[in-house]
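Right, one structure below, let's go through it.
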Amino acid sequence: MSRFRDEFYSCLTRRADALFELADAVLCADGPVRSLVELSLVGEHRRGHGALYDALSAGRVDVARLRRALAMVRLPRAADGRLVLAADLTCWLRPDAHTSPQRILCHTYGRGKDQHIPVPGRPYSVICALETGRNSWTAPLDALRLAPGDDAATVTARQARELVERLIDAGQWTDGDPEILIVVDAGYDVPRLAFLLKDLPVQVLGRMRSDRVLRRGVPPREPGVRGRPPRHGGEFVFGDPATWNTPDAQTVTATRLYGTAVARAWDRLHPRLTHRSAWTAQLGALPVIKGTVIRLQVEHLSSGATPKPVWLWWSGTDATTVQVDRLWQAFLRRFDIEHTFRLFKQTLGWTCPKIRTPEAADRWTWLILAAFTQLRLARPLAADLRRPWEKPTPPDKLTPARVRRDFRHLRPKATCPAGAPKLTQPGPGRPPGRKNSQPTARYDVHTVSKPGSTKRRTKKSTTPRPRRTG
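Under the working numbering, residues 20 to 489 are what the sequence shown spells out, in order.
Below is the structure:
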């Protein structure tokens with residue numbers, strides 16, 4: 020942990036002391052972080068609130084070096100020794116920030132069934148390494164903000180490619196190791212993501228919608244048949260069991276929470292691509308991306324709701340029964356990233372500050388990732404400072420929030436490269452009675468219409484019309 024703190028301080032190239040103490044204040048604050056001004060009152064932050072805001076607005080973080088530092092830390096692995104990475108989007112909602120540029124309409128879930136409410140904000144693509152077992156720990160390795168006009172699949176593919184290359188350079192993966200598994204949810208085009216990463220030692224696993232239609236391989240051609248050979252075989256309709264035929268692999272597993280889990284796999288299925296959407300710029304014939312489809316059906320849910328089948332697509336082929344079990348269990352482990360997002364927002368206060376510029380938001384995001392990495396490194400050292408109503412927990416079962424309670428006692432034992440603040444006096448500020456003569460510019464919200472193109476949302480005027488008189 021001390022080595023990582025030294026490397027993290029070296030990544031702060033401007034306003035380093037203030038940024039470093041700000042990250043320590045996030046880890047040592049009592050209770051959840053509510054605002055930045057409260058962090059300036061934490062004892063570990065020895066500077067005023069003016070230095071805090073100046074560090075976020077004018078500081079500088081060497082993101083490339085910090086990404087390499089995160090890739091050098093020891094990472095969790097699956098039971099078979101492979102690295103399992105989960106990629107997902109999380110939104111920093113800013114509906115009232117009219118002076119903040121580069122806001123995008125983010126889809127959020129409403130309280131009703133299947134309701135999606137667009138709210139202006141900044142979406143971030145985060146990639147984490149997953150652990151095995153039931154816990155809320157992950158290892159965040161990268162975060163990238165989506166700019167207006169970015170395609171989620173293309174951005175995630177580029178982000179995953181750079182991350183895998185850093186992991187290989189750091190020695191986390193060598194020749195002979197199992198291929199890295201990347202797990203995504205239904206919001207991504209899984210076959211396209213696998214096509215963009217086909218030259219890397221990775222496999223892609225993701226969920227598909229239940230209304231998809233895939234194609235089988237082309238059957239052997241009979242002799243004497245003339246004409247152009249077909250590129251696709253028969254249809255495999257997710258919603259029509261008559262098109263499934265006999266599965267190539269099937270497993271039945273007894274689980275504690277979901278009862279009996281039945282997984283059936285069909286080999287070498289591919290989507291029929293067209294020159295539309297993300298494949299518009301593809302020249303020539305479109306590729307045939309073959310993979311394995313897995314249908315997971317559980318007996319019951321812990322919430323009491325009616326269980327629906329989960330359709331998964333894996334970029335590999337010829338899956339065995341052991342691989343099918345590991346794949347659907349690895350997909351369920353993907354939801355651990357939701358615990359990390361919840362800790363970022365509700366405990367570490369990632370979305371609490373009212374930061375205007377996207378550059379300052381990126382600095383604050385990387386401070387949160389560095390702070391969470393320190394919690395993960397301090398995990399075997401922390402004591403269980405439980406509340407009177409909480410049950411005792413073994414040291415290896417502590418949650419990130421409970422490790423954070425003891426970080427203030429662990430911090431004096433680790434290195435603290437930040438220097439003491441200088442004696443300064445506050446400036447005079449704006450003279451009394453003088454108004455701001457430079458109003459801040461206001462920006463519209465961007466809405467993504469198609470991959471590679473954006474448009475701006477125009478708001479209707481809310482000025483009431485005058486009534487007719489006489």
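Where a beta carbon is used, it is the ideal one built from N, C-alpha and C, also for glycine.
Model, not experiment: these values are computed from the prediction.
Ignoring anything shorter than 3 residues or poking outside the region 207-240, list the beta strand (DSSP E) runs there in chain order.
Fully enclosed beta strand (DSSP E) runs of 3 or longer: 221-227, 232-234.
Verify whether the separation of the beta carbon atoms of Ile-308 and Trp-333 is less than 8 Å.
Contact: no.
In whole angstroms, what separates the C-alpha of Arg-2 from that of Leu-404?
An answer regarding residue 2 cannot be provided, because it is not within the stretch 20 to 489 covered by the chain.
Return the chain-ordered list of same chain residues with a C-beta closer than 6 Å to the C-beta of Leu-163, the five sequence neighbours on each side being excluded.
Here the set comprises Ser-144, Gln-178.
Measure the CB-CB distance between Val-103 and Leu-219 and report whether it falls below 8 Å.
Cβ atoms of Val-103 and Leu-219: not closer than 8 Å.
Using a Cβ-Cβ cutoff of less than 6 Å, which residues in the same chain neighbour Thr-270 once the five nearest sequence positions on both sides are dropped?
So the qualifying residues of the chain are Ala-282, Thr-340, Val-343, Asp-344.
Please state whether DSSP places Gln-269 in a helix, a strand or coil.
It is a strand residue.
Are the CB atoms of Arg-79 and Arg-33 within a distance shorter than 8 Å?
Yes.
With respect to the beta strand (DSSP E) encompassing Gly-278, which residues constitute its N-terminal and C-terminal limits?
Residues 278-288.
For Pro-377, which of Gly-140, Ala-437, His-289 has the nearest alpha-carbon?
The shortest C-alpha separation from Pro-377 is found at Gly-140.
So, at 6 Å on beta carbons, what are the nonlocal neighbours of Val-56 in its own chain, with the 5 sequence-adjacent residues on each side left out?
His-68, listed in sequence order.
In this structure, how does DSSP classify Ala-205 when only helix, strand and coil are distinguished?
Note: Ala-205 maps to coil in three-state DSSP.
With burial defined as no fewer than 16 other Cβ atoms inside 10 Å of the residue's Cβ, what is the status of Ser-468: buried or exposed?
Residue placement at Ser-468 is flagged as unreliable, the pLDDT there being 49, under the threshold of 50; the coordinate-derived value follows with that caveat. Looking at its Cβ environment, which holds fewer than 16 other Cβ atoms inside 10 Å, Ser-468 is exposed.
Quick one: what's got a C-beta closer than 6 Å to Gly-236's C-beta in the same chain, skipping five residues either side?
These residues qualify, in order along the chain: Gly-252, Arg-287.
Thr-109 bridges to which residues according to DSSP?
Its beta-bridge partners are Tyr-143.
Tell whether a beta-carbon distance below 8 Å holds between Thr-157 and Leu-212.
No, they are not a contact pair.
Compare the C-alpha of Pro-440 against each of His-319, Val-45, Ala-284, Ala-70 and name the closest.
Measuring from the Cα of Pro-440, the nearest candidate turns out to be Ala-70.
Are the beta-carbon atoms belonging to Leu-46 and Ala-390 less than 8 Å from one another?
A contact, by the Cβ cut-off of 8 Å.
What does DSSP give as the partner residues of Gln-316 in its beta bridges?
According to DSSP, which records beta bridges pairwise, Gln-316 is partnered with Val-281.
Tell me which residue opens and which closes the beta strand (DSSP E) that Glu-254 is part of.
That run of the beta strand (DSSP E) goes 254-256.
Taking Trp-347 as part of the alpha helix (DSSP H), name the residues at either end of that continuous run.
340-352 is the extent of the alpha helix (DSSP H) around Trp-347.
Closest to Arg-395 by C-alpha separation, out of Trp-408, Pro-411, Leu-429, would be which residue?
Closest by alpha carbon: Leu-429.
Do the region 255-269 and the region 290-310 meet, that is, are 3 or more Cβ pairs less than 8 Å apart?
The region 255-269 vs the region 290-310: no contact.
Would Leu-165 and Thr-370 be called neighbours here (beta carbons separated by less than 8 Å)?
The answer is no: Cβ separation not under 8 Å.
Since Arg-234 and Arg-291 are thought to touch, with beta carbons under 8 Å apart, how far apart are those beta carbons, to the nearest angstrom?
Indeed, because the Cβ distance is near 5 Å, the residues count as touching under 8 Å.
In this structure, how does DSSP classify Trp-385 when only helix, strand and coil are distinguished?
Looking at Trp-385 - three-state DSSP - the assignment turns out to be helix.
Considering only residues of the same chain and omitting the five flanking positions on each side of Leu-459, which have a CB-CB separation below 7 Å?
The sequence shown places Thr at residue 459, rather than the Leu named in the question. The answer, listed in chain order, is Thr-118.
Tell me, please, which residues DSSP counts as bridged to Pro-447.
Bridge partners of Pro-447: none, in fact.
Run the CB neighbour count on Ile-387, radius 10 Å, all protein chains shown included, and call it buried at 16 or more, exposed below.
Ile-387 is buried by the Cβ-count criterion.
Let me check you understand the geometry: is the CB of Ala-390 closer than 7 Å to at least one non-hydrogen atom of the ligand MN?
Among the components of this structure there are no ligands whatsoever, and the ligand MN is therefore not found.
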